[in-house]
Amino acid sequence: MGDHHHGPAQGLSRWLFTTNHKDIGTMYLWFSFAMFILGGAFAMIIRAELFQPGMQLVEPAFFNQMTTLHGLIMVFGAIMPSFVGLANWMIPMMIGAPDMALPRMNNWSFWILPPAFLILASTLFMEGGAPAFGWTFYAPLSTTYAPPSVTYFIFSIHVLGLSSIMGSINIIATVMNMRAPGMTYMKMPLFVWTWLITAFLLVAVMPVLAGAVTMMLMDIHFGTSFFSAAGGGDPVLFQHVFWFFGHPEVYIIILPAFGVVSQIIPAFSRKPLFGYASMVYATAAIAFLSFIVWAHHMYTVGMPIAGELFFMYATMLIAVPTGVKVFNWITTMWRGSMSFETPMLFSIGFLVLFTIGGFTGLMLSIAPADFQYHDSYFVVAHFHYVMVAGAVFSMTAAVYYWLPKWCGRMYNETMGKTHFWISFIGFNVTFFPQHFVGLAGMPRRIPDYALQFADFNMMSSIGAFIYGASQIMFLYNVIATIVAGKPTSDEKVWDGAEGLEWTVATPAPYHTFETPPAVR
Amino acid sequence: MGFISERLRAIVIHAAALIVTVLSGGALASGSKVNQLDMSPGVTATGQAIYDLHTAILWICIVIGVLVFGVMFYSIIYHRKSKGYKASNFHESTTVEIAWTVVPFLILIGMAVPATSTLIQVYDTDEAEMDILITGYQWKWKYEYLNENGENVAFFSNLRTAQDEIYNTEDKGEHYLLEVDQPVVIPVDTKVRFLVTANDVIHSWWVPELAVKRDAIPGFVNETWTRAEETGIYRGQCAELCGKDHGFMPIVVNVVSKEDYAAWLETKQAEAAEIKALMAQTFTMDELVARGKNVYQGYCAACHGMNGEGGLGRAIAGSAIATGDLTKHLDIGVNGVPGTAMQAFGGQMNDVDMAAVITYQRNAFGNNMGDMVQPIDVFNHKKG
Ligand code: HEM
Ligand SMILES: [Cu+2]
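As given, the protein sequences belong to chains A and B, one line each in that order. Going by my numbering, the first sequence opens with residue 1, and the numbers climb by one from there. Going by my numbering, the second sequence opens with residue 521, and the numbers climb by one from there.
What follows is the structure, encoded as structure tokens:
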């Protein structure tokens, strides 16, 4: 950091060559929002086709491409990069560091993302169409029976895995080495803690995903038979490898979200987090357990009963640390002095709906019951409660919470609250009925369905359009704030907010904490 | 717009009905109902056990949820700044924290016990009275009755719903998408073991009312079982994404009395014997084309188009193969094209149907080869 005290460079080169954690954070956030809109558009196509029984708008083959790209883009393009963006912006400011530890790598890990998704999206225009085998891409549907575009898909997964690994190494290096003097581990804000643990999860499992897609590549182009039964391979092996990545992945998505609400709920309850230490331990326990439960996604593949029992017990155990978290947030609210600005509303929305998703998770963990739930809409409902109402709601809360600090302007509170209520209602109208159709026997990933599911599906589609439309209001509110929001220079935008990020000027200057702050 | 408002009205009416159903304890009767809300206990003892387990956990979750959200909403209502409530500053309490770790753990043990015993029940495939081999194909199911005396019975079960219903040019029937040309028939009160496998990609055989879901995986033979306690028709679907027509490969199980089953089996065996006889016969062009048309619509049209115009697969109309060397054409029908969606149909249909469909393809859609294939040609070709 030779010549400091200069502002950002001008024009395009500012963004292309920047090594500033705030610039890179901003780019991550905008990129992930763009992906959220794209993935959302695919979801609208899915729900429009499912509005009524019968095929109306698209062909089954294209429908499958939509479900696949929707899942991939939301998980890898929207949710994960949005939290990396948040980490970039907030972690240095929360631990009193001037920047991330590895700023050039930081630039690189962002800039390889857009090409990766460009490649993935371009498969839509290739012969044979885009990947149509679901975001879980089970072999041999994704190998022997895949469209030619699968090779581009594999390349794109490799690149975004690389990006995630670089991003995580950076976060680990930053948290371990750049904390201000006095900022001991057990003083770090929970958002930093959850991200540190998430980063370790990422470094551990992204290479496993890379291994899975590499084996696919070999099967497709180099005549191996890792996953092809005809050549002596094993299609179930694919699922084990995939879910060894995939289950930690769902916690990679939710842990930073836990971190965010653990910052926001105390701020608007004007009361410290009830059990800081137990929150840290619970996060670590969840991370550990996430490595030994993967086969709960595979109860129906025909594992030996001993395996089923092991994975069932281990999965049920996750409910304990998850419960600890929920109880902690509620006792934090208890006898606080609460106010309900938009970030708090989204956090409470998170708390209620994530808990419902946790309950259905517990139900799904019961192996014999899962024989009825598995691959039905019940699972679709479960993971949207944890991923949308969990991760996306918390991310939305984070944007409202820190936006004034980022740009020195206040967002429109009325519009923010309206956005919350429309989202909340739209979300529940969309996904609550999916529990019912799932229990009644509707499989997931089908472009058309039997008549008894018609009403709930129509309800679901209407809810989805409402939820989708409310995001336009969000986009508008954010842009309007940046361009013309009411200026504020209050360092501590929220009276109950705690943490080093609220000690710097508002808007946060281009460089912060060039001299480390004193931490009590 | 008219139909939307009509639909909305229907939703409102159903919503009212739903509330009544919920209050009266959920949809208990068997059979997938319109707007069914809850899992069905189905018609087997395992189904009932799973349903009870599901209901118990659901209620545990509901009770915990009411308590937790109750505390939360109490706090939201009373502990607000706008009411002048002053924040207290308490945090950490070892007692409380131990309690909320240990109590959930004990509840989990309470759940794990019945879950384990139900699982053991589901896994107990011993002492089955009969075996059916189920093979998933893109996009249909094949059923083979094993260990039967006399003629072996095997058949494919295809979606019966017409394309016109799917593409909305005709009204949809009552069992839209859940009807097949040939259901699998099993006797009531009999322990039937299913051996489940697949020919191409992974499928999953799911019939909610029999409480059976088992993945059909190429290269594996999975075992599962059922013992239906009530006669009736039970419908299900493929549960694992298996490609384009994943949503169009339903399962229909017809549970009949033991006598009816014996009679059905006899007819099936007679049919099989008849096909055997047909194999030796020589057919006329018209007979082959008429039979071939049906076969084409059942097996080929999904990819090659109703009028041979192509789609996922190549066009048949005017194709180099269908208007070229007959042996090559027959070979593709029998052995497929490896590595593509064109399967080896030789193992999926009898030689009469194969002869008919090849003949049909060469003499339909404007193809006018004038040559034909007889069952014996197919037989010889398969022998090599
Ligand atoms: C109490 C905690 C949780 C438990 C016990 C749990 C349990 C399960 C189980 C058993 C399944 C497999 C269901 C099936 O396919 O039959 C499942 C699916 C899933 N869960 Fe969870 N879950 C929990 C929390 C979460 C969280 C926090 C996330 C992510 C933010 C998540 C995301 C998912 C996803 C994405 C799937 C479906 C994957 C797919 O097949 O596409 N779950 N969960
Ligand atoms: Cu999982």
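Here a beta-carbon is modelled for each residue, glycine too, at the ideal position from N, C-alpha and C. Everything numeric in this text was worked out from a predicted model, so none of it was measured.
Burial state of residue i (16 or more Cβ within 10 Å)
i	result
A/R104	exposed
B/V622	exposed
B/M521	Residue placement at B/M521 cannot be trusted, given a pLDDT of 39 that sits under 50; the coordinates are not used to answer.
A/L102	buried
A/T515	exposed
B/T746	buried
B/L543	Confidence is the limiting factor: at B/L543 the pLDDT is only 43, short of 50, which leaves the residue's position unreliable and the question unanswerable from this model.
B/E690	exposed
A/S534	Here chain A covers residues 1 to 520 and nothing more, so residue 534 of chain A does not appear.
A/N88	buried
B/V583	exposed
B/T614	exposed
B/E786	exposed
B/Y598	exposed
A/E127	exposed
A/A230	exposed
B/V892	For the record, residue 892 of chain B in the displayed sequence is Met; it is not Val. B/M892 comes out buried.
A/D370	buried
B/Y594	exposed
B/K848	exposed
B/T860	exposed
B/L628	buried
B/S608	exposed
B/G545	Reliability fails at B/G545, whose pLDDT of 40 lies under 50, so the model's placement of it is uncertain and the value that follows must be treated cautiously. Exposed, since its Cβ has fewer than 16 Cβ neighbours within 10 Å.
Spatially closest choice to residue i from the options, by CA coordinates
i	options	result
A/F208	A/W421, A/L162 and A/V192	It is Val, not Phe, that sits at residue 208 of chain A in the sequence shown. Selected option, being the one with the closest Cα: A/L162.
A/I356	A/M387, A/D370 and A/S460	A/M387
B/F768	B/M826, B/A810 and B/A682	B/A682
B/T710	B/L730, B/Q801, B/M892 and B/I841	B/L730
A/N412	A/A484, A/A9, A/Q471 and A/N170	A/A484
A/I305	B/Y643, B/G866 and B/H574	B/Y643
B/K902	B/L626, B/M892 and B/M869	B/M869
A/T144	B/G886, B/T879, B/V872 and B/V857	B/V857
A/N165	A/M80, A/K271, A/L362 and A/M55	It should be noted that the sequence gives Ile, not Asn, for residue 165 of chain A. Among A/M80, A/K271, A/L362 and A/M55, the Cα nearest to that of A/I165 is on A/M80.
A/Q372	A/S278, A/A440 and A/Y401	A/A440
B/F865	B/E671, B/L846, B/A797 and B/V815	B/V815
B/A876	B/T847, B/I852, B/N855 and B/L808	B/L808
A/I318	A/M410, A/S290 and A/G390	A/S290
A/R270	B/Y880, B/G562 and B/K601	B/K601
B/K660	B/I580, B/Q757, B/G739 and B/P561	B/Q757
Bridge partner(s) assigned by DSSP for residue i
i	result
B/F675	B/Y663
B/M650	B/V712
B/V727	B/V732
B/N742	B/V716
A/P443	A/S376
B/T655	B/K662 and B/T717
A/M410	A/K486
B/P770	B/Q757
B/R600	A/M338
B/P707	B/V776
B/G752	B/V775
B/V700	B/L679
Residue j beta carbon less than 8 Å from that of residue i
i	j	result
B/I753	B/I737	no
A/W135	A/V75	yes
A/P433	B/A759	no
A/P189	A/M94	yes
A/V205	A/P248	yes
A/F420	A/T332	no
A/F125	A/P131	no
A/P53	A/Y449	yes
B/V732	A/I330	no
A/V519	A/M183	yes
B/F714	B/T744	yes
A/F226	A/W294	no
Residue-level contact to chain D via CB, residue i, 8 Å cutoff
i	result
A/L309	Within the model displayed, chain D is absent; protein chains A and B are what it includes.
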